[in-house]
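Numbering (the numbering used here), first residue to last: 5 to 738. We put the CB at the ideal spot given by N, CA and C, even for glycine. These numbers come from a predicted model, not from an experiment. Worksheet: the structure to be examined is printed underneath.
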Amino acid sequence: MSKTRFQFYVDSILNSYSKVFFAENRLLGILLLLISFLDYGSGLMGLLSVITVIAVVKILKYDEEMMQNGAWGFNSLLIGLGIGIYFDISLNAAVLTMLFAITGFFITLAIWGWFLKYNLPFLSIPFLLTMWIISASYSSLDSFGISERGIYTWNEIYAFGGSELVQLYQHAIHIELPHFWQHYFLSLGAIFFQFSLLAGIIIAFGLLIYSRIAFTLSLIGYGVAYIFYFHYGVSSDELSYTYVGFNFILTAIALGAYYLVPSRTSYFWIVLLLPISVIITLASGKILPILGLPVFSLPFNAVVLLFLYALKLRTQVSQKLQEPAVQKSSPEANLYVYQNNTQRFYSSDYLPVFLPIVGEWHISQGQKGKHTHKGDWQYAWDFIRLDETGEQYKNEGLNPEDYYCFEKPVVAPSAGKIAEIRDGIEDNAVGQINLQQNWGNTIIIEHSPFLYSQLSHLKKDSIKVKEGDFVKKGQVLALVGNSGRSPYPHLHMQFQITPFIGSRTFRYPFAYYLSHKNETKKWNQFGFPLEGESVSNVQTIEILRNALQFKPGQIIKIEIKEKQNMGFSVHENEWQVHTNAYNIPYIYCPETKSYAYFDKDEQRLLFLDFEGNTKSLLYHFFLSFYHIQWTYFDGFELKDSIPANYFVNKAILFFHDFIAPFKSFISVNFELKYLQYTNDFNDENIRLKSEIKGNSMLSGNDKQLNNIEINASGDIIWERKLKNQNFKALIHTH
């Protein structure tokens, strides 16, 4: 068996166990697998069920990734555990277990296909329905006998391990604990059909190691239900002898940490929803026994699905109650990435649109301006050109030709389709205005549905496009004129949500631009130029873009000089560039099986996520080149933030995780300094310096420094310095 095939089987089995707690974690999976064998019959049938589903997936060619991450297997696992605990272990029972495992898998497929259009999870509904089928039919199956292992537990333990094992077992089940903790651990154990304190304690420990947030929510979920039982006079013993308490634990973890990003708001909703879960549990406990059916996980499924479906119907998504964009390895990872992306991608909903000008221009009237930018037309800009003395015209300024902006090119601020054009309106004499044809010669561009840009006061007969044309960013469209309500030559621009000339304006930012003041430049990202500012588009440095223009199919070769005590050792590595099913590009390192996901456009390279070995060279490349703008000007410094779980010590994060949903005290900052750009006739290179620094009360001041140089041939010389571990690498990207 190949290593890849073996890994598939191992992952499929272990993730089927850990998926019960919404996790893909080998350590937790191993622990839960061992727990299931506290009752050997339950353990055997559970494992048999998972192996059966793996075989069906392979034979019938279902999605192996869904099997490998545990999604296809965990319902059948629960079915096998239930059969193993309630019924005698025999060959007939094993055959029926396999049949019911297959039944549960097919029900999983059916419900998954149905729920997929609503983007809802199937949870443990397949397990619930299959166990109801078993409960309703087992009395007709003579060879499917009820297990009596629990009745003769002492004899079985003695036969297996003698009196010493009996004494050990006695100590384990007679652990003296307060009432709440006793029932909490019993409910945890019941999730895996293990009705003992020992099983619950071990599961709680595994849950704590896997996720502090999930562990905390398990306590909160059970605690809220426990208090509700006590306050309304319901016997809390019912939590014990019916073993329904696991519903509250799973509900809290599912909604508080997995299907929603952990936050104080998700915790708040858990406190509100758990009493509803209790009521459903109590009602189910009265109704279902009449039908001869157990409650099992019905309350958990009902509350989670109802709430998630209700959230889908919101007309506006709250920033305080969000679903994870991509499910990460743990609730903590979901939280830290979300917190970082909220800060980093505040502009993620904006299509990049740029200034419609070439060179440096001045904002003579900004948004909510003094003259015409008022009311429905307040979100607009007027652009003019100034000379070095701050004048916008030469001579006396009596003619349009005297103005520096007159007849200068107007370019498309972004790609789009020409939606409407008005031309043929005469340019005014300076000081005159045309109130009947207010906007003058105008172009409307559709950049996306409900996003249009309007460019007005253009020169008569200078428009170079026609309606229906598709234009590229930077394409020359027309020349600046003085038509319409324009006393002197200037360019008017506004954003709007309808394609009609003169529509009400819409507040929308320019993606990247430079503002100029006293010979200094400031880089702006998705901002709004102010009246009185001088602005220009960001110029692209081609050697920077070409070196980092990672394209699918590209091979990146790295020569590494790694510093050691006795000198340097030289070795080579190779990375590949691909795109995934969601069309997100990534760099893949075959040697360490690591992935660095990124996004790029004509202005910048932005790394998004990393999966794999955090000791790999690709991981440090991901951090070092985390955000690169393909531009340069003296003094340019770019700042960004990195999720805490990518850089901060795990021991520190362990304790921080408990409070992270409420308040984060850890921040990791990325800073890129543009040191030098040389563009001589015989030489071209650019030097950068990136720094990653953790600043917080807890994490100290860990640093990573990187010197980056790109030469005319496109080679990247990368030198990293981190805690006396220095190396130098030459990266060939062409």
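Local Cβ density within 10 Å of TRP722, reported as buried at 16 or more and exposed below that: Here residue 722 corresponds to residue number 718 of the sequence shown, with the count starting at 1. Flag for TRP722 reads buried.
Rank SER333, LYS604, ALA314 by C-alpha distance to the C-alpha of LEU325 and give the top, closest one.
Locating residue 325 in the sequence shown gives position 321, where the first residue counts as 1. For the residues SER333, LYS604, ALA314, the minimum Cα distance to LEU325 belongs to ALA314.
Which one of TYR66, GLY444, ILE138, LEU64 has the shortest CA to CA distance from ALA3? The chain is shown only over 5 to 738; residue 3 falls outside these bounds and no answer can be derived.
- In three-state terms, what does DSSP make of GLN633? For this step, residue 633 is matched to residue 629 along the sequence shown. DSSP places GLN633 in strand when its eight states are reduced to three.
**OP:** Please state whether DSSP places VAL216 in a helix, a strand or coil.
**Re:** Along the sequence shown, one-based indexing puts residue 216 at 212. Rather than Val, the amino acid found at residue 216 in this sequence is Arg. If DSSP states are grouped into helix, strand and coil, ARG216 belongs with the helices.
Q) Buried or exposed: where does SER1 fall if 16 or more other Cβ atoms within 10 Å of its Cβ makes it buried? A) The chain is shown from 5 up to 738; residue 1 falls before or after that span and cannot be answered.
* **Start-end ranges of the beta strand (DSSP E) lying completely within the stretch 69-130, minimum 3 residues** => none
As an exercise, report each continuous alpha helix (DSSP H) stretch of at least 4 residues that is fully enclosed by the stretch 524-588, in chain order.
546-551
Cβ-based neighbour list, PRO130, same chain, cut-off 7 angstroms, excluding 5 preceding and 5 following:
Against the sequence shown, residue 130 aligns to sequence position 126. Answer for PRO130: ASN79, GLY108, ILE111, THR112, ILE115, listed in chain order.
Burial state of TYR586, where buried means 16 or more other Cβ atoms lie within 10 Å
Within the sequence shown, residue 586 is the residue found at index 582, counting from 1. Looking at its Cβ environment, which holds fewer than 16 other Cβ atoms inside 10 Å, TYR586 is exposed.
Does the beta-carbon of LEU103 have 16 or more other beta-carbons within 10 angstroms, so that it is buried, or is it exposed? The residue labelled residue 103 in the question sits at position 99 within the sequence shown. The residue in question, LEU103, is exposed, as its Cβ has fewer than 16 Cβ neighbours within 10 Å.
Go through its chain and collect everything with a Cβ distance to PRO356's Cβ below 6 angstroms, but skip five positions before and after it.
-> The residue labelled residue 356 in the question sits at position 352 within the sequence shown. Closer than 6 angstroms at the Cβ level, and outside the excluded window around PRO356, lie ALA515.
Worksheet entry | Sequence-distant residues of its chain with Cβ nearer than 6 angstroms to LYS677 (five each side left out) | Here residue 677 refers to the residue found at position 673 when the sequence shown is read from its first residue. Excluding sequence neighbours, LYS677 sits near GLU641, LYS693.
Is DSSP giving VAL307 helix, strand or coil here? Here residue 307 refers to the residue found at position 303 of the sequence shown. Three-state result, VAL307: helix.
- prompt: Among PHE209, ILE87, PHE554, LEU85, which one has its Cα closest to the Cα of TYR31?
  reply: As a first step, residue 31 must be located in the sequence shown, where it is residue number 27. Correcting the residue identity first, residue 31 is Leu in this sequence and not Tyr. Of the listed residues, the one whose Cα sits closest to LEU31 is PHE209.
Looking at the unbroken alpha helix (DSSP H) that takes in GLY193, where does it start and where does it end?
The count along the sequence shown starts at 1 and reaches residue 193 at position 189. Counting along the chain, the alpha helix (DSSP H) containing GLY193 begins and ends at 183-194.
N-terminal and C-terminal residue of the alpha helix (DSSP H) that VAL54 is part of:
Within the sequence shown, numbered from 1, the residue matching residue 54 stands at position 50. 44-64 is the extent of the alpha helix (DSSP H) around VAL54.
**Prompt:** Quick one: Cα of ILE562 to Cα of GLN553, how far?
**Reply:** For the purposes of this step, residue 562 is taken as residue 558 along the sequence shown, with counting starting at 1. For the purposes of this step, residue 553 is taken as residue 549 along the sequence shown, with counting starting at 1. One C-alpha to the other measures close to 16 angstroms.
- prompt: Can you name the start and end residues of the alpha helix (DSSP H) that PHE659 belongs to?
  reply: Walking along the sequence shown from the start, residue 659 turns up at place 655. It spans 654-660 - the alpha helix (DSSP H) in which PHE659 sits, taken as one unbroken run.
| Using a Cβ-Cβ cut-off of 7 angstroms (strictly less than) and excluding sequence neighbours within five positions of GLU450, which residues of its own chain qualify? | The count along the sequence shown starts at 1 and reaches residue 450 at position 446. Here the set comprises GLY420, LYS421, ALA423, TYR456, PRO503.
Inter-residue CB distance, PRO360 and ILE217 (contact presumed, cutoff 8 angstroms): Your numbering for residue 360 matches position 356 in the sequence shown. Your numbering for residue 217 matches position 213 in the sequence shown. The pair is not a contact, with the Cβ atoms about 47 angstroms apart (cut-off 8 angstroms).
- Query: CB LEU36 to CB ILE207, shorter than 9 angstroms?
  - Reply: Along the sequence shown, one-based indexing puts residue 36 at 32. Along the sequence shown, one-based indexing puts residue 207 at 203. Yes, Cβ-Cβ distance for LEU36 and ILE207 is below 9 angstroms.
Practice item. Return yes when at least one heavy atom of the ligand NAD lies under 8 angstroms from the C-beta of ILE213, else no. Key: This structure lacks the ligand NAD; in fact it carries no ligand of any kind.
Throw me the rounded Cβ distance for the GLN458 and MET497 pair, which I believe falls under 8 angstroms. For the purposes of this step, residue 458 is identified with residue 454 of the sequence shown, where counting begins at 1. For the purposes of this step, residue 497 is identified with residue 493 of the sequence shown, where counting begins at 1. Confirmed, about 7 angstroms.
### Check whether HIS366 and GLN331 have beta carbons under 9 angstroms apart
Taking the sequence shown and counting its residues from 1, one reaches residue 366 at position 362. Taking the sequence shown and counting its residues from 1, one reaches residue 331 at position 327. Not a contact, by the Cβ cut-off of 9 angstroms.
| message | Less than 9 angstroms between the beta carbons of PHE219 and GLY204, yes or no? | response | Along the sequence shown, read from residue 1 onward, the residue named residue 219 stands at position 215. Along the sequence shown, read from residue 1 onward, the residue named residue 204 stands at position 200. No.
Taking the alpha carbon of LEU181 as the point to measure from, which residue in LEU202, PHE196, PHE197, GLN198 has its own alpha carbon closest? What you label residue 181 is simply residue 177 of the sequence shown in a count that begins at 1. Per the Cα distances, LEU202.
ask   = Among the residues of its own chain, which have a CB less than 7 angstroms from the CB of LEU402, if the five just before and after it don't count?
value = Here residue 402 is taken as the residue at index 398 of the sequence shown, counted from 1. Excluding positions up to five away in sequence, the list reads VAL434.
Spatial distance of LEU462 from VAL539 (CA atoms)
Mapped onto the sequence shown, residue 462 falls at position 458. Mapped onto the sequence shown, residue 539 falls at position 535. Cα to Cα, LEU462 sits roughly 20 angstroms from VAL539.
> What does GLY420 pair with, by DSSP beta-bridge criteria?
Replying inline: As a working mapping, residue 420 is identified with position 416 in the sequence shown. Answer is VAL475, bridged to GLY420.
| query | Between which two residues does the alpha helix (DSSP H) carrying ASN344 extend? | reply | Against the sequence shown, residue 344 aligns to sequence position 340. Residues 335-348.
Task: Where ALA482 falls: helix, strand or coil (DSSP) - done: The residue given as residue 482 occupies position 478 in the sequence shown. Residue state, collapsed to three classes: strand.
Starting from HIS366, trace the alpha helix (DSSP H) in both directions and tell me its first and last residue. To locate residue 366, count along the sequence shown from 1; it is residue 362. Run containing HIS366: none in the alpha helix (DSSP H); it sits in the beta strand (DSSP E), 365-369.
Practice problem: Rounded to whole angstroms, what's the CA-CA distance from SER668 to GLY444? Just pull it up for me. | Solution: Locating residue 668 in the sequence shown gives position 664, counting from the first residue. Locating residue 444 in the sequence shown gives position 440, counting from the first residue. Between SER668 and GLY444, the C-alpha separation is close to 53 angstroms.
Would LEU48 and LEU309 qualify as a contact pair, given that the criterion is a beta-carbon distance under 9 angstroms? Your numbering for residue 48 matches position 44 in the sequence shown. Your numbering for residue 309 matches position 305 in the sequence shown. No, the Cβ-Cβ distance between LEU48 and LEU309 is not below 9 angstroms.
Requested in this report: Compare the C-alpha of ASP719 against each of ALA258, LYS732, THR737, ASN577 and name the closest.
Outcome: Here residue 719 refers to the residue found at position 715 when the sequence shown is read from its first residue. Ranking ALA258, LYS732, THR737, ASN577 by Cα distance to ASP719 puts THR737 first.
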